[in-house]
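Novice:
Chains as they are written, first to last, in the working numbering: chain F, 1 to 286; chain A, 1 to 295.
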């Protein structure tokens, strides 16, 4: 009976894993990388899911109410998160991963897709690391180390992408996707993206939008059009046909792909996107 | 710019320049050609809401097709067709074997089907997929969809030519039809099959919600302009084509989503007909000109 009163037995008892709920798969992946064994991460919007039009289920509410830490993107990416947090009764910290980045504008509002630039990703990782350490001070050195490792990999990927895209002349870097998700990528790496719909997949394209794209494609002689993993391929294919371009592959915009596929972690996803873009751009450059 | 050139650039040039506009227009014209007579017959047989119910009834079948084969035309069409026919058959069966009336049993089954469809899509797809099934994509009509729609329209027109007469007679004098040996309920079954086929063809292009709009609104509006069946069908078809044309142009010039634009133009035509039509409209009522009611 007395032994359990001794402090040494407490020190041996494993601490409960920190329950982290991330709003979507990319943040969940980052949290897993940084937190490692100390965290148990779940994503509300899973792989291939579209956070712009996500509809929470009761299971999501329950998961949120049991969470220790919530990580969101911010920048109005998750229009549903405030109500969800309120309904679930969650009172803990809500970490905004995009805190501190320089946003770019998309129309009148800030563009939420900040993770498409690896420089911003560093800030995301920093914010997540700080939040995890604050929530779980004891394995702090572990978390710091994992975070530093991850940042090294992020930097390496960034350098690799820049080098590879640098092989294409800036004048040839034009592509088309379904929605305006790649603004930060465009800015960071000098690729020009045109999209059929506005920045959210929740709206339907009008004939005016589609004709604008087709005209632009024909005028700029764009050869590669990309489908996204979260949206309807048919419209993009029709646009490609119309403009004489070909569908260059699938890009991962707002979500990771299911485990075991090409885009199942953030770094793999980014690498896949860069490679796909590169392949298509190289194919068309004379 | 001269007036002619301006008119040309506003009304013709969008279709001349863009293949996707032409295809959308052709798809809508095909739907209008078979939808005009079909919608008219629905209205005359007091089945106006059945069209809407059928469109929802095909959702679980389309969902199952989607689950097995993604956004595949043949899978979703076949699935939708089977589901809708099943709902119609079950409703008819319940009506025959219980004291429940057809409208109640039909409502029951189509609501079950609708909820099942939404559930299936939500379980295996995402809400974006659901939206695409509900709203379609008239701007993304590919060759396969075009062939399906055109094929369905052609077959429907031929079949309607065969069954129109018994259907109309049955509305006004069922006893007479039985007396001259109209063959049981076959014409009604064929009619339902045609309805479902047209909805299946339409929903790939316009989505389940909008396809019914293009089917019903022109036919309902036509009632304010004619009472003769032939003329009703013609006017309904004309209204449907005009709505498609105008709706697509609105989508092009005013940046509006195309499916709803087409149906809202059809709705606008209905409202204008309601107010100013030549028969039984509000204008007739208020200006005191009364015509003898004819069937």
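C-beta atoms are modelled at their ideal positions from N, C-alpha and C, and glycine is treated no differently.
Can you have a look at residue 179 of chain F and say buried or exposed, based on whether 16 or more other CB atoms are within 10 angstroms of its CB?
Specialist: The residue in question, residue 179 of chain F, is buried, as its Cβ has 16 or more Cβ neighbours within 10 Å.
Novice: From residue 141 of chain F to residue 135 of chain F, what does the alpha carbon distance come to, in whole angstroms?
Specialist: Whole-angstrom Cα-Cα distance: 13 Å.
Novice: With a threshold of 8 Å, are at least 3 pairs of Cβ atoms found where one atom belongs to the segment 41-48 of chain A and the other to the segment 264-276 of chain F?
Specialist: No: the two stretches stay apart, fewer than three of their Cβ pairs being nearer than 8 Å.
Novice: Going along chain C in order, which residues have a C-beta closer than 7 Å to the C-beta of residue 217 of chain F?
Specialist: The question asks about chain C, but that chain is absent: this structure's protein chains are F and A.
Novice: What does DSSP give as the partner residue(s) for residue 174 of chain F in the beta ladder?
Specialist: Its beta-bridge partners are F:192.
Novice: Give every residue of the same chain whose Cβ lies closer than 8 Å to the Cβ of residue 34 of chain F, excluding the five residues on either side of it in the sequence, and list them in chain order.
Specialist: Answer for residue 34 of chain F: 125, 128, 129, 132, 143, 146, 147 and 150, listed in chain order.
Novice: Determine the direct distance from the alpha carbon of residue 258 of chain A to that of residue 183 of chain F, and round the result to whole angstroms.
Specialist: Cα-Cα distance, rounded: 27 Å.
Novice: Could you check whether the Cβ of residue 42 of chain F sits closer than 7 Å to any Cβ belonging to chain A?
Specialist: Chain A, which has no Cβ nearer than 7 Å to the Cβ of residue 42 of chain F, makes this no.
Novice: Closer than 7 Å, CB to CB, is residue 252 of chain A near chain F or not?
Specialist: By this cut-off, residue 252 of chain A is an interface position.
Novice: Any idea what DSSP makes of residue 287 of chain F, helix, strand or coil?
Specialist: Not covered by the structure: residue 287 of chain F. The range shown for chain F is 1 to 286.
Novice: Are the C-beta atoms of residue 258 of chain A and some chain F residue less than 7 Å apart?
Specialist: Interface residue, yes.
Novice: In chain order, what residues of the segment 8-21 of chain A put their CB closer than 8 Å to some CB of chain F?
Specialist: Residues passing the 8 Å Cβ filter: 14, 17, 18, 19, 20 and 21.
Novice: One question on the structure: do residue 215 of chain A and residue 27 of chain A come within less than 7 Å of each other, judged by their Cβ atoms?
Specialist: Not in contact: residue 215 of chain A and residue 27 of chain A (Cβ atoms no closer than 7 Å).
Novice: Who are the neighbours of residue 242 of chain F on chain A, taking C-beta pairs under 8 Å?
Specialist: The contacting residues are 18, 19 and 20.
Novice: Can you pull the chain A residues whose beta carbon is under 7 Å from the beta carbon of residue 210 of chain F, in chain order?
Specialist: Near residue 210 of chain F (Cβ distances below 7 Å), the residues of chain A are 20 and 139.
Novice: Helix, strand or coil: which one does DSSP assign to residue 279 of chain F?
Specialist: Helix at residue 279 of chain F.
Novice: In the DSSP assignment, what residue or residues form a beta bridge with residue 109 of chain A?
Specialist: None, per the DSSP bridge assignment.
Novice: Within 10 angstroms of the Cβ of residue 199 of chain F, are there 16 or more other Cβ atoms? Answer buried if so, exposed if not.
Specialist: A caution first: residue 199 of chain F carries a pLDDT of 42, below 50, which makes its placement in the model unreliable, though a value can still be read off. It counts as buried.
Novice: Using a Cβ-Cβ cut-off of less than 7 Å, give me the residues of the segment 27-59 of chain A that come near chain F, in sequence order.
Specialist: Answer set for the segment 27-59 of chain A: empty.
Novice: Distance check for residue 217 of chain F and residue 113 of chain A, CA to CA, integer angstroms please.
Specialist: Cα to Cα, the separation comes out at about 42 Å.
Novice: Please list, in chain order, all residues of the same chain as residue 278 of chain F whose beta carbon is under 6 Å from its beta carbon, the five residues on each side excluded.
Specialist: Correct list, in chain order: 164.
Novice: Measuring only the C-alpha atoms, how far is residue 67 of chain F from residue 44 of chain F?
Specialist: So the alpha carbons of these two residues sit roughly 12 Å apart.
Novice: Can a CB atom of chain A be found closer than 7 Å to the CB of residue 134 of chain F?
Specialist: Chain A, which has no Cβ nearer than 7 Å to the Cβ of residue 134 of chain F, makes this no.
Novice: Does residue 246 of chain F get closer than 7 Å to chain A when you measure Cβ to Cβ?
Specialist: No, because no Cβ of chain A sits closer than 7 Å to the Cβ of residue 246 of chain F.
Novice: Tell me the residue span of the beta strand (DSSP E) that contains residue 19 of chain F.
Specialist: Element bounds for residue 19 of chain F: 18-24.
Novice: Measuring straight from C-alpha to C-alpha, what distance separates residue 96 of chain F and residue 281 of chain F?
Specialist: Answer to the nearest angstrom: the Cα atoms are 35 Å apart.
Novice: Check each candidate in A:59, A:23 and A:32 and name the one with the smallest Cα separation from residue 154 of chain A.
Specialist: Ranking the options by Cα distance to residue 154 of chain A, first place goes to A:32.
Novice: Is it true that the CB of residue 211 of chain A sits closer than 7 Å to the CB of residue 203 of chain A?
Specialist: Their beta carbons are under 7 Å apart, which means residue 203 of chain A touches residue 211 of chain A by this criterion.
Novice: Counting pairs of beta carbons, one from the segment 162-173 of chain A and one from the segment 92-100 of chain A, are three or more of them closer than 8 Å?
Specialist: Touching, no.
Novice: Going by the DSSP bridge assignment, what does residue 78 of chain F pair with across the sheet?
Specialist: For residue 78 of chain F, which the question treats as bridged, DSSP gives no partner whatsoever.
Novice: Quick one: any contact between the segment 72-82 of chain A and the segment 11-31 of chain A, if contact means 3 or more CB pairs under 8 Å?
Specialist: No, because fewer than three Cβ pairs between the segment 72-82 of chain A and the segment 11-31 of chain A fall closer than 8 Å, the two stretches do not touch.
Novice: Closer than 7 Å, CB to CB, is residue 108 of chain F near chain A or not?
Specialist: Chain A, which has no Cβ nearer than 7 Å to the Cβ of residue 108 of chain F, makes this no.
Novice: Would you mind telling me which residues of chain A sit closer than 8 Å to residue 214 of chain F, beta carbon to beta carbon, in chain order?
Specialist: In chain order: 18 and 20.
Novice: Residue 110 of chain F bridges to which residues according to DSSP?
Specialist: According to DSSP, which records beta bridges pairwise, residue 110 of chain F is partnered with F:105.
Novice: Residue 187 of chain A CB to nearest chain F CB: under 7 Å?
Specialist: Not closer than 7 Å to any Cβ of chain F, the Cβ of residue 187 of chain A fails to qualify, so no.
Novice: Please report how far the alpha carbon of residue 232 of chain A lies from the alpha carbon of residue 37 of chain A, in whole angstroms.
Specialist: One C-alpha to the other measures close to 8 Å.
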